[in-house]
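Reminder that position 271 of the sequence shown reads as 296 in the numbering used here, one-by-one numbering, no gaps. In this text, a Cβ means the ideal position worked out from N, Cα and C, and glycines have one as well. Here the structure is a predicted model, which means the values were calculated and not measured.
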Amino acid sequence: MKNLKTINSFRMIFITGLLLASLSTFAQVDSVKVQEDSVNVEESDKAQDSGNKPVRSAFESTWIIDNQTTVVPQKGSLEFMINHRFGTIYNGVSDLYGMYGAGANIRLGLNYSLFDNVGFGIFKGTVATGIGVTKAGMVSDINLKYGFLQQTRNGRIPISVTYYMDFGISTQNKVEDLPNGNASDRLSFFHQIIISRKFNDQFSLMVAPSLSHFNVVDPTMQNDFFAVAVAGRYKISEQSSILLNYDQPITKFTDSNPQFNLSTGIEIATSAHQFQIFISNFPLIVPQYNNVYNQPNSQHKWYQDLYIGFNITRLWSF
Numbered sequence: 026m027k028n029l030k031t032i033n034s035f036r037m038i039f040i041t042g043l044l045l046a047s048l049s050t051f052a053q054v055d056s057v058k059v060q061e062d063s064v065n066v067e068e069s070d071k072a073q074d075s076g077n078k079p080v081r082s083a084f085e086s087t088w089i090i091d092n093q094t095t096v097v098p099q100k101g102s103l104e105f106m107i108n109h110r111f112g113t114i115y116n117g118v119s120d121l122y123g124m125y126g127a128g129a130n131i132r133l134g135l136n137y138s139l140f141d142n143v144g145f146g147i148f149k150g151t152v153a154t155g156i157g158v159t160k161a162g163m164v165s166d167i168n169l170k171y172g173f174l175q176q177t178r179n180g181r182i183p184i185s186v187t188y189y190m191d192f193g194i195s196t197q198n199k200v201e202d203l204p205n206g207n208a209s210d211r212l213s214f215f216h217q218i219i220i221s222r223k224f225n226d227q228f229s230l231m232v233a234p235s236l237s238h239f240n241v242v243d244p245t246m247q248n249d250f251f252a253v254a255v256a257g258r259y260k261i262s263e264q265s266s267i268l269l270n271y272d273q274p275i276t277k278f279t280d281s282n283p284q285f286n287l288s289t290g291i292e293i294a295t296s297a298h299q300f301q302i303f304i305s306n307f308p309l310i311v312p313q314y315n316n317v318y319n320q321p322n323s324q325h326k327w328y329q330d331l332y333i334g335f336n337i338t339r340l341w342s343f
């Protein structure tokens, strides 16, 4: 069993290495495309008054560490996502701060932007939908994202607003002490309104209240759970940014309240690739599970149960 775990650890690191190598290769191509796109945008701005146009994206990716951003890729965009969390850093160098740990988690997802200009008046935007599968709990999820308000360059609309919904079902084997034998017992839902503002070319900030719902929970918990996330990005170069994310639980249980999440990291982005590496309190990736089941270890300090993780997204246009 020990040898099998060692083989699986090396396999995980090998696959991660290949992904990073692929990212580096594509980044060289994408950086050229970024320069070309920048020239095209400048020429377009000179040709016409761009005051009423939406600002360029407040964030580079649809993700900012543990949360969604207001970004919805344009119609016809296919997005592939890899969200990975290693084990807890608590054991230190003995398992390379969780990188060889047993508690690693991963989500693979695909999103596609279906429609543009959905809505009326100033409330028009892009609709995207997608699917994903997460290792922890074997959660399969379907999500919907609708960016219905966009910040404009002349300040007439000062913010961007996006609605995000996730519907999940756990497909793991039945657990004896939980009533999860029926399909409806395994269902969960997540609703979030994401509000962002791009203050300048370097700094963007977002606030995102959310509601998580589980059809079946422990008697000490509640089915509905409210939380709020705050996240920001500060660009330090054309392709690199510093990220910060905070999630605050609001609903209180009679026992075992989830703890807050504090995470920070670095993002490297091109026109088609976004790579984020960070450290976070959230290990479960699917948002409703992160918010409701982020239980603290009573024997550890909150900063001892952190998780190193990364997000990779890749966009194709059709």
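| Item | Value |
| --- | --- |
| Helix, strand or coil at P312 according to DSSP, with G and I counted as helix | helix |
| Beta-bridge partners of K170, as assigned by DSSP | A153, Y189 |
| Exposed unless 16 or more other CB atoms sit within 10 angstroms - verdict on Y115 | buried |
| Touch test, the region 317 to 328 against the region 272 to 286, Cβ-Cβ under 8 Å, three pairs minimum | yes |
| C-alpha distance - I194 paired with N240, whole-angstrom precision | 10 Å |
| The region 119 to 128 in contact with the region 293 to 301 per 3-pair CB rule at 8 Å | no |
| Straight-line gap, I184 to S221 (C-alpha atoms, nearest Å) | 6 Å |
| 8 Å contact criterion, which V96 and S86 should meet: CB distance rounded | 7 Å |
| Outcome for Y325 when other beta-carbon atoms lying within 10 angstroms are tallied against a minimum of 16 | Checking the displayed sequence, the identity of residue 325 turns out to be His instead of Tyr. Result: exposed. |
| Where Y259 sits in the DSSP three-state scheme | strand |
| Beta-carbon proximity check, F251 vs T276, cutoff 8 Å | yes |
| Which of helix, strand or coil DSSP assigns to D226 | coil |
| Bridge partners - T276, DSSP secondary structure assignment | Per DSSP, none; premise fails for T276. |
| Residue range of the unbroken beta strand (DSSP E) whose run includes M106 | 102 to 113 |
| Neighbour-count burial assignment, D249, 16 or more Cβ in a 10 Å radius | exposed |
| Proximity to R181 [Cα-Cα], best of K170, F192, I147 | I147 |
| As assigned by DSSP and simplified to three states, the class of A5 | Because residue 5 is not part of the residues shown, which for the chain are 26 to 343, the question remains open. |
| Endpoints, beta strand (DSSP E) assigned at I337 | 332 to 342 |
| Cβ pair T154, Q99 closer than 8 Å | no |
| Whether S305 touches D91 by CB criterion (8 Å) | yes |
| Spatial distance of L44 from T279 (CA atoms) | Its pLDDT being 46, under 50, L44 is placed unreliably in this model, and the coordinates cannot settle the point. |
| DSSP-derived helix/strand/coil call for Y328 | helix |
| CA-to-CA distance, F192 to L135, given in whole angstroms | 15 Å |
| Residues of its chain near G101, where Cβ-Cβ distance is below 7 Å and the 5 sequence neighbours each way are ignored | S138, S342, F343 |
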